[in-house]
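Positions 2 to 857 (the working numbering) are the ones given, in order, by the first sequence.
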Amino acid sequence: MARYNAREIETKWQEIWQSRGSFRVTEDSKREKYYVLEMFPYPSGRIHMGHVRNYTLGDVVARYKKARGFNVLHPMGWDAFGMPAENAAIENKVHPAKWTDENIATMRRGLKSMGLSYDWSRELATCDPSYYRHEQKMFLDFHAKGLAYRRESWVNWDPVDNTVLANEQVIDGRGWRSGAVVEKRKLPQWMMRITAYADDLVAALEGLERWPDQVRLMQHNWIGRSEGLRMWFDIKGSDERLEMFTTRHDTIFGATFCAVSPNHPLAEELAADDTELAAFIAECNSMGTSEEAMAVAEKKGYLTSLKALHPFIEGRELDIYVANFVLMEYGAGAIFGCPAHDQRDLDFARKYGIDVIPVIAPADIDPGAMTIGDEAYLGDGVAINSQFLDGLSVDEAKDMAADRMAGRDRGERTVSYRLRDWGVSRQRYWGCPIPFILCDDCGTVPVPDDQLPVTLPDDIDFDEPGNPLDRHPTWKHVDCPACGKAAQRETDTFDTFFESSWYFVRFACAQAEQPVDRAAVDYWLPVDQYIGGIEHAVLHLLYSRFFVRAMRDCGYLGFDEPFAGLLTQGMVCHQTFQDEAGNWLFPEQVDARDGDGFVHHESGAPVVPGRSEKMSKSRKNVVDPEAIIGSYGADTARLFMLSDSPPERDLEWSETGVEGAWRYLNRLWRLVAEAPMDLGPVDGAKPDRMEQTVAAVHQSVHKAIHATTGDLDRFHFNRAVARIRELTNDLERLDETMAGAAWVMREGLETIVRLIGPIAPHLAEDLWQRLGHETLLTDTPWPDADSALLTDNTVTVAVQVNGKLRGTIELGRDAGEDVAEAAALADPAIIRALDGKSPRRVIVVPNRIVNLVIAG
RNA sequence: GCCCGCUUGGUGGAACCGGUAGACACGACAGACUUAAAAUCUGUUCCCCGAAAGGGGGUGGGGGUUCAAAUCCCUCAGCGGGCACCA
2 MARYNAREIE
12 TKWQEIWQSR
22 GSFRVTEDSK
32 REKYYVLEMF
42 PYPSGRIHMG
52 HVRNYTLGDV
62 VARYKKARGF
72 NVLHPMGWDA
82 FGMPAENAAI
92 ENKVHPAKWT
102 DENIATMRRG
112 LKSMGLSYDW
122 SRELATCDPS
132 YYRHEQKMFL
142 DFHAKGLAYR
152 RESWVNWDPV
162 DNTVLANEQV
172 IDGRGWRSGA
182 VVEKRKLPQW
192 MMRITAYADD
202 LVAALEGLER
212 WPDQVRLMQH
222 NWIGRSEGLR
232 MWFDIKGSDE
242 RLEMFTTRHD
252 TIFGATFCAV
262 SPNHPLAEEL
272 AADDTELAAF
282 IAECNSMGTS
292 EEAMAVAEKK
302 GYLTSLKALH
312 PFIEGRELDI
322 YVANFVLMEY
332 GAGAIFGCPA
342 HDQRDLDFAR
352 KYGIDVIPVI
362 APADIDPGAM
372 TIGDEAYLGD
382 GVAINSQFLD
392 GLSVDEAKDM
402 AADRMAGRDR
412 GERTVSYRLR
422 DWGVSRQRYW
432 GCPIPFILCD
442 DCGTVPVPDD
452 QLPVTLPDDI
462 DFDEPGNPLD
472 RHPTWKHVDC
482 PACGKAAQRE
492 TDTFDTFFES
502 SWYFVRFACA
512 QAEQPVDRAA
522 VDYWLPVDQY
532 IGGIEHAVLH
542 LLYSRFFVRA
552 MRDCGYLGFD
562 EPFAGLLTQG
572 MVCHQTFQDE
582 AGNWLFPEQV
592 DARDGDGFVH
602 HESGAPVVPG
612 RSEKMSKSRK
622 NVVDPEAIIG
632 SYGADTARLF
642 MLSDSPPERD
652 LEWSETGVEG
662 AWRYLNRLWR
672 LVAEAPMDLG
682 PVDGAKPDRM
692 EQTVAAVHQS
702 VHKAIHATTG
712 DLDRFHFNRA
722 VARIRELTND
732 LERLDETMAG
742 AAWVMREGLE
752 TIVRLIGPIA
762 PHLAEDLWQR
772 LGHETLLTDT
782 PWPDADSALL
792 TDNTVTVAVQ
802 VNGKLRGTIE
812 LGRDAGEDVA
822 EAAALADPAI
832 IRALDGKSPR
842 RVIVVPNRIV
852 NLVIAG
């Protein structure tokens with residue numbers, strides 16, 4: 002049985018698309034644009050199945066939208082700065098730039114073998130000075146606008162790798178790479194003032210209608226907006242006041258103590274001449290910040306000699322503690338404790354024998370009977386034991402308390418956020434240099450425009466730990482641009498999320514002299530459809546949303562949101578195997594034994610099959626895309642990626658599934674190459690007469706167009722594939738003896754080829770040519786469904802008796818209710834089911850169902 | 001702990017607004033072709049009773065709303081994700 006030669010066909014069409022510039026685009030104000038973007042890869046080595054899935058999804062959208070007439074921008078580039086390049090430099094003595102360039106070349110080859118419809122003329126790599134010079138320029142603008150600043154801040158310090166780690170690089174209190182216990186250090190850090198946009202970043206989530214709810218919710222929670230009251234209590238015997246933040250000012254009469262963070266200025270001041278307190282603070286700072294550490298950590302406090310005065314209760318003095326559970330980074334770093342209505346406060350109060358006064362009680366409980374045991378009461382209710390608040394609801398009490406506090410100049414309504422400013426300094430070589438000069442006299446001085454870009458030196462060594470830029474003999478030594486005295490460059494580089502926060506803008510004008518070419522960006526942006534992994538739900542997507550706002554406010558852009566639509570794809574999973582010693586095994590090392598069970602391919606030793614997990618090198622459950630493309634072709638890989646699972650769900654890799662995709666493409670190829678009948682000319686006229694079966698197939702062609710179009714619009718790729726396969730099955734009902742069959746066979750084949758074009762583009766292009774077309778399928782518009790053929794004249798209506806299906810009847814479309822009822826009552830199966838009884842009630846849903854109700 | 005999502009045949013998944021559950025595949029079984037195998041083609045395949053006609057059950061468990069529930073509500077369980085001393 003003949004099979005198609007995937008390798009030959011795919012190479013051939015890739016070359017043709019390339020030479021004709023099929024996917025190169027320019028701005029065209031007369032055409033509607035569509036910008037499809039997949040998250041660009043980090044060039045770590047070779048492409049993996051996650052890339053194949055991501056880029057297949059994007060390519061189907063791009064090719065489909067192009068067929069629908071849009072001017073489609075579909076670019077690709079490289080997120081090329083990052084730690085793995087430095088690790089390779091340390092381990093293999095290869096320069097990060099060389100390592101990165103080689104990986105890019107390998108991965109570009111891999112991507113090109115997939116036949117992706119990229120405009121390669123826009124390719125960019127973020128490690129190229131022609132890219133990062135622009136972000137240095139923008140950073141200076143951000144700084145001038147107050148959106149970037151430098152300050153001392155607490156960081157995670159890895160003492161072995163000698164660098165700051167991001168929070169997500171700290172796992173259970175240890176550096177993710179070195180395994181060293183991470184220290185808290187206070188270092189000067191460059192920060193981005195993302196908090197300036199906190200309100201807008203939350204509020205605008207609502208307008209992102211084509212984003213998954215889950216991602217919007219995650220960002221919402223991450224930003225963590227809460228409305229509350231900033232307030233000040235007097236400190237006994239002092240002119241100073243203690244500032245606190247609360248969202249439960251309705252419980253102010255239940256306040257029985259105050260607590261400040263160990264890092265609070267007041268605590269540090271007191272510790273200066275209290276060694277015991279200093280020791281307590283040190284203990285708090287050394288405490289692990291891991292999840293488990295937090296969960297088991299006991300509430301601990303240190304009683305200071307200070308007392309705060311309750312604002313409304315004459316004579317109530319509140320002890321001020323330094324407490325380990327109060328965070329300096331949130332609110333004001335100080336709280337009032339209301340043990341009755343906060344679990345942490347209650348735990349603390351029970352430990353230190355502090356009063357517990359209930360001030361909110363459920364409406365149906367007698368205030369006198371309200372008691373607190375080991376659990377704080379967090380529910381709704383009315384205020385009790387609260388003077389002027391008594392009897393008010395929680396919300397009313399909040400309002401009243403806020404007003405009274407404000408009236409005494411002791412409170413101010415405010416909003417607090419969980420979100421912190423974004424620290425972007427990294428003590429790393431392979432990143433974009435931060436364009437500032439540190440001068441003893443002038444402070445932080447921006448690198449003048451005419452000295453940009455600040456490029457990385459090539460001659461570096463990684464023989465010692467730490468930042469090679471800092472150790473470089475000459476690079477950092479420069480004169481201060483302001484005063485001319487000897488000064489030093491900033492040797493920190495940007496967090497690599499910096500580059501990925503605006504690359505989608507740069508794609509619109511990849512060659513522009515300025516950071517952005519406003520006309521091009523105004524035309525192409527925002528991205529209409531962004532596609533990538535859910536793991537970026539918060540960081541990358543939030544930073545990008547911030548960055549676009551910052552760029553807007555510095556005059557670079559005229560829009561607010563970078564990504565109008567977002568599709569988060571699931572992971573590619575595969576079965577795992579381990580030998581009895583627990584070592585992971587590659588799938589090809591494992592043989593299935595007859596019956597069940599698995600054995601090692603060579604030794605025959607028993608193998609323990611594990612659950613299916615995300616493909617990863619460490620678990621050895623990877624399948625190399627290039628091997629699959631080599632043996633089956635890219636079209637098979639692409640079809641398989643889309644066939645079974647919806648894009649947002651995890652996809653189970655299966656060899657048999659790939660085989661199935663391969664079989665289908667061959668079947669389609671044979672159907673065209675060895676067409677069972679003479680299909681007639683390309684532009685043959687529709688026959689006057691069609692046999693019934695032929696007419697039915699003709700109708701399925703148009704139904705398939707309609708359904709597939711709807712499925713692709715909604716990214717239901719697995720259903721689109723099912724529709725196309727269904728139509729293929731239908732076509733096989735045609736027989737050359739049937740009147741009109743040849744014409745409908747041609748119509749059907751051409752339709753399948755066009756519908757599958759975005760999914761299996763090489764084969765489709767080839768079959769399009771075999772069908773006699775001289776123009777490229779890639780330049781062919783999407784087929785239109787004949788709406789007259791989408792509805793049937795007759796419908797099958799289900800008939801239920803008491804809600805149970807008892808038969809079906811054929812009715813004319815939109816038949817009246819009386820007609821439907823009569824037909825139902827006349828149906829033999831229904832007569833039998835009714836058993837002589839007459840329905841008490843009849844429900845008719847036109848074209849769908851008749852329900853006869855006889856029982857009560 | 002808090003918040004969110006998911007749970008449908010042996011498997012991946014269909015089922016639009018509550019209206020014939022299981023499309024399309026994978027696998028399995030049977031058959032055709034073949035000396036044989038591969039490939040290909042045809043048929044069967046939610047479970048139970050039945051030779052069939054037909055009947056009964058069925059969308060994680062329990063309950064509810066409705067003429068009608070995979071779909072809506074309550075509740076429990078399992079799995080997954082996010083956040084985590086956030087005042």
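Cβ coordinates follow ideal geometry from the N, Cα and C atoms, glycine included.
Under 8 Å between C-beta atoms of residue i and residue j
{"i": "A816", "j": "L806", "result": "no"}
{"i": "R747", "j": "G685", "result": "yes"}
{"i": "L1", "j": "V722", "result": "Residue numbering for the chain in the displayed model covers 2 to 857; residue 1 lies beyond these limits and cannot be assessed."}
{"i": "L768", "j": "V745", "result": "no"}
{"i": "E822", "j": "V851", "result": "yes"}
{"i": "Y65", "j": "L713", "result": "yes"}
{"i": "A283", "j": "K300", "result": "no"}
{"i": "D251", "j": "A309", "result": "no"}
Spatial neighbours of residue i in its chain, beta-carbon cut-off 7 Å, leaving aside the 5 residues before and after
{"i": "H52", "result": "P42"}
{"i": "M436", "result": "Correcting the residue identity first, residue 436 is Pro in this sequence and not Met. The answer, listed in chain order, is Q137, F140, L141, P447, V448, L453 and V455."}
{"i": "Y881", "result": "Here the chain covers residues 2 to 857 and nothing more, so residue 881 does not appear."}
{"i": "G392", "result": "V383 and A384"}
Boundaries of the beta strand (DSSP E) in which residue i is found, first to last residue
{"i": "K138", "result": "Per DSSP, K138 belongs to no beta strand (DSSP E); it is in the alpha helix (DSSP H), P130 to A145."}
{"i": "L271", "result": "Per DSSP, L271 belongs to no beta strand (DSSP E); it is in the alpha helix (DSSP H), P266 to A272."}
{"i": "A309", "result": "G302 to L310"}
{"i": "T709", "result": "From DSSP, T709 is part of no beta strand (DSSP E) but of the alpha helix (DSSP H) over Q693 to D714."}
{"i": "W191", "result": "E184 to M193"}
{"i": "L439", "result": "F437 to C440"}
{"i": "H601", "result": "F599 to H601"}
Buried or exposed by the 16-neighbour rule on C-beta atoms within 10 Å, applied to residue i
{"i": "H311", "result": "buried"}
{"i": "L328", "result": "exposed"}
{"i": "E292", "result": "Because E292 carries a pLDDT of 40, less than 50, the predicted location of this residue cannot be relied on, and the following value inherits that uncertainty. It is exposed - the Cβ of E292 has fewer than 16 other Cβ atoms within 10 Å."}
{"i": "E9", "result": "exposed"}
{"i": "F683", "result": "Note on identity: in this sequence residue 683 is Val, with Phe being the wrong assignment. V683 comes out exposed."}
{"i": "E228", "result": "exposed"}
{"i": "G741", "result": "buried"}
{"i": "D93", "result": "Note on residue identity: the sequence assigns Asn, not Asp, to residue 93. By the 10 Å Cβ count, N93 comes out exposed."}
{"i": "Q15", "result": "buried"}
{"i": "L764", "result": "buried"}
{"i": "D441", "result": "exposed"}
{"i": "E210", "result": "exposed"}
Nearest-angstrom beta carbon gap, residue j and residue i [assumed within contact, 8 Å]
{"i": "L640", "j": "C574", "result": "Rounded, the Cβ-Cβ distance is 19 Å, inconsistent with contact."}
{"i": "R726", "j": "V698", "result": "Not confirmed; about 15 Å, so no contact."}
{"i": "D1", "j": "K486", "result": "Only positions 2 to 857 of the chain appear in the structure, and residue 1 is not among them; the question remains open."}
{"i": "A272", "j": "V261", "result": "At roughly 11 Å, the Cβ-Cβ gap does not stay under 8 Å, so A272 and V261 are not in contact."}
{"i": "V522", "j": "L558", "result": "6 Å"}
{"i": "G412", "j": "R231", "result": "7 Å"}
{"i": "N386", "j": "I366", "result": "Not quite, the Cβ-Cβ distance comes to about 13 Å (not below 8 Å), so this is no contact."}
{"i": "D422", "j": "I195", "result": "6 Å"}
{"i": "V26", "j": "A63", "result": "Wrong, their Cβ atoms sit about 10 Å apart, outside the cutoff."}
The alpha helix (DSSP H) enclosing residue i, as first and last residue numbers
{"i": "G51", "result": "M50 to A68"}
{"i": "Q770", "result": "P762 to R771"}
{"i": "V395", "result": "V395 to G408"}
{"i": "V102", "result": "Here residue 102 turns out to be Asp, not Val, going by the sequence shown. Unbroken alpha helix (DSSP H) run through D102: P97 to K113."}
{"i": "Y504", "result": "Y504 to R507"}
Beta-carbon contacts of residue i that lie in its chain and below 6 Å, excluding the five residues immediately before and after
{"i": "G332", "result": "F246 and S417"}
{"i": "E465", "result": "none"}
{"i": "S20", "result": "none"}
Cut-off 8 Å between Cβ atoms - residues of its own chain near residue i, not counting five sequence neighbours on either side
{"i": "W223", "result": "R419, L420, V539 and L543"}
{"i": "D375", "result": "L347 and R351"}
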